[in-house]
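Since the structure comes first, as structure tokens, the remarks are kept for the end.
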Amino acid sequence: YIFDEFKYVPPEKRPAVWDQGGLQWRLDQGKGVLRSGVSSGFIQKYVKGFSHRTFLRTAQDIFQEFLLAHASGDLKALRLLVTEGLHQGIAKEIRAAEAGSDRLRPAFAFDAFEKPAEVLQMRHGQAPGTRKPGALGFGQVTCLLHSRRRIVHVDGRGKTVPLSPASGAPAADQAVGEGSDPQAPSVLRVPSLCVYEVSFSDPKSTWRLARIEELGDVTHAPRNLREQEQRRSRPPVR
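Numbering (the UniProt record's numbering), first residue to last: 1 to 238.
Here it is as structure tokens:
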């Protein structure tokens, strides 16, 4: 469950300050900053060492590890990196690919971050219908990350299949998984809106991805991952 979904507006599409819509947008932004300040203090109370600046590196590390675990089909690693709600759909897709020996699964291979990560908002609370005596709730941090990635094709064993230099298609004779495109660009530069979540009730809880929304053109991205990233978050089964 996402407490307050951040509506990202790129700089070139933000309303002019002298318009009525622009004034209201900036007023809403100011209120959001105040709420983030309150939530930041609440998160610091329960998460040792948390700060706005140090979390930027944490956000990038988790996202990079997520892309690596997804590409290799490492469900155990993914369980530590994403919430249960996100893990269920990803695990289903990976298992389906492993069951078909004649299929290749498209995935992302991480190259680099194009820009430093940016914290957009911080929130805290409890998911509706899950209030329990003594439960402290969760903290969520929404970040904007700009990454450069390559589309790769993975077999049922999690091995990357090399592409033919001539056609850009997999060198193996197996059929490419649905949603991949041999004519797709080899490198994608994609901004991602990521929501990270941590439990206050569990001292051993670590930050995990609760939602990933791709903001750029992901027409050629792996369909299975694209659908998981762009789907509205549902309350996870914890």
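Glycine included, C-beta positions come from ideal geometry on N, C-alpha and C.
Where residue i falls, given that 16 or more other Cβ within 10 Å makes a residue buried
i: Pro165; result: Below a pLDDT of 50, predicted positions are generally treated as unreliable, and Pro165, at 45, falls in that range; the measurement from the model is reported next regardless. Result: exposed.
i: Val154; result: buried
i: Glu12; result: exposed
i: Tyr46; result: buried
i: Gln121; result: buried
i: Arg149; result: buried
i: Val152; result: buried
i: Ala99; result: exposed
i: Ala117; result: buried
Sequence-distant residues of its chain with Cβ nearer than 6 Å to residue i (five each side left out)
i: Gly158; result: Ser72, Gly73
i: Val82; result: Arg208, Leu209
i: Tyr8; result: Leu193
i: Trp18; result: none
i: Pro10; result: none
i: Gln44; result: Phe50
i: Gly21; result: Pro15
i: Gly216; result: Val190, Pro191
Beta-carbon proximity check, residue i vs residue j, cutoff 8 Å
i: Ala210; j: Leu68; result: no
i: Gln140; j: Phe50; result: no
i: Glu214; j: Ser192; result: yes
i: Val198; j: Ser205; result: yes
i: Arg123; j: Arg35; result: yes
i: Phe6; j: Thr142; result: yes
i: Val119; j: Ser147; result: no
i: His70; j: Leu80; result: no
Heavy atom of the ligand FAD within 7 Å of residue i beta-carbon
i: Leu75; result: Absent from the structure shown: the ligand FAD. Ligands present: none.
Supposed contact pair residue j and residue i - C-beta distance, whole angstroms, cut 8 Å
i: Gly156; j: Gly137; result: Not really, about 40 Å apart at Cβ, beyond 8 Å.
i: Ser201; j: Ala135; result: 6 Å
Own chain partners of residue i with C-beta closer than 7 Å, once the 5 adjacent residues on each side are dropped
i: Ala97; result: Arg103, Arg105, Gly156, Gly177
i: Gly32; result: Gln121
i: Ala75; result: Checking the sequence, you will find Leu at residue 75 rather than Ala. Excluding positions up to five away in sequence, the list reads Ala91, Ile94.
i: Asp173; result: Since pLDDT at Asp173 reaches only 34, below the 50 mark, its modelled position is unreliable, and no value is offered.
Neighbourhood of residue i by C-beta, 8 Å cutoff - its chain only, sequence neighbours within 5 removed
i: Glu65; result: Ala77, Leu81
i: Thr160; result: Ala71, Ala109, Val152, His153, Val154
- Does the region 83-94 touch the region 32-45, meaning 3 or more C-beta pairs lie closer than 8 Å? Three or more beta-carbon pairs separated by less than 8 Å are not found between the region 32-45 and the region 83-94, which leaves the two stretches without contact.
- Query: Do the region 105-122 and the region 57-72 make contact, defined as three or more Cβ pairs closer than 8 Å?
  - Reply: Yes, the region 105-122 is in contact with the region 57-72.
- Task: Give a yes or no on contact between the region 103-110 and the region 21-31, applying the rule of three or more CB pairs nearer than 8 Å.
- Result: Because the criterion of three Cβ pairs below 8 Å is not met, the region 103-110 and the region 21-31 do not touch.
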